[in-house]
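Per the numbering used here: the sequence shown ends with 113, consecutive numbering throughout. Even glycine gets a Cβ: it sits at the ideal position worked out from N, Cα and C. These figures come from a predicted structure and were not determined experimentally. Single-structure report; data block below.
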Amino acid sequence: VAFLCAMLCVRPGVAPSVLTFVPKFVFAGLLINQGWVLVQNFFLAPCFRPPRVLTAPESFIVIVILVVFVARGMLAGLSVGAQCCVLLFAVKSHDFGVFKYHASLTSVR
């Protein structure tokens, strides 16, 4: 399987002809394996070791992306995830005091 993946990455022009000979369960196995690794790294591993990999808001964003991805599709999940990440960045940058000076229309010429 690793050899097939390497060949598809090295020679993308061969991909359509090679993909017709690969059984569907091989691709399903690759997707299931990748999904299981992500679940282990981001959901199970933080429960068993003291330093958390993701904070609570970040875990919430991952769950929101997953739910929107399943309900509406990949593009909607990515766009909602990007919006949530921008919102989280704005909140965290405000908490850390990144912006020292506030400007309004009265102070700008």
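Nearest to residue 39 by CA position, among 87, 70, 83, 57, is which residue? 70
Residues near residue 61 by beta carbon distance below 6 Å, same chain, minus five either side: Cβ neighbours of residue 61 within its own chain (closer than 6 Å, five residues either side excluded): 92.
Taking the CB atoms as reference points, tell me whether residue 74 and residue 84 lie closer together than 7 Å. In this structure, residue 84 does not lie closer than 7 Å to residue 74 by Cβ.
Taking the straight line between their C-alpha atoms, what separation do you get for residue 41 and residue 98? 34 Å
Backbone secondary structure at residue 77 - three-state DSSP: Coil at residue 77, not helix or strand.
Residue 27 (DSSP reduced to helix, strand or coil): If DSSP states are grouped into helix, strand and coil, residue 27 belongs with coil.
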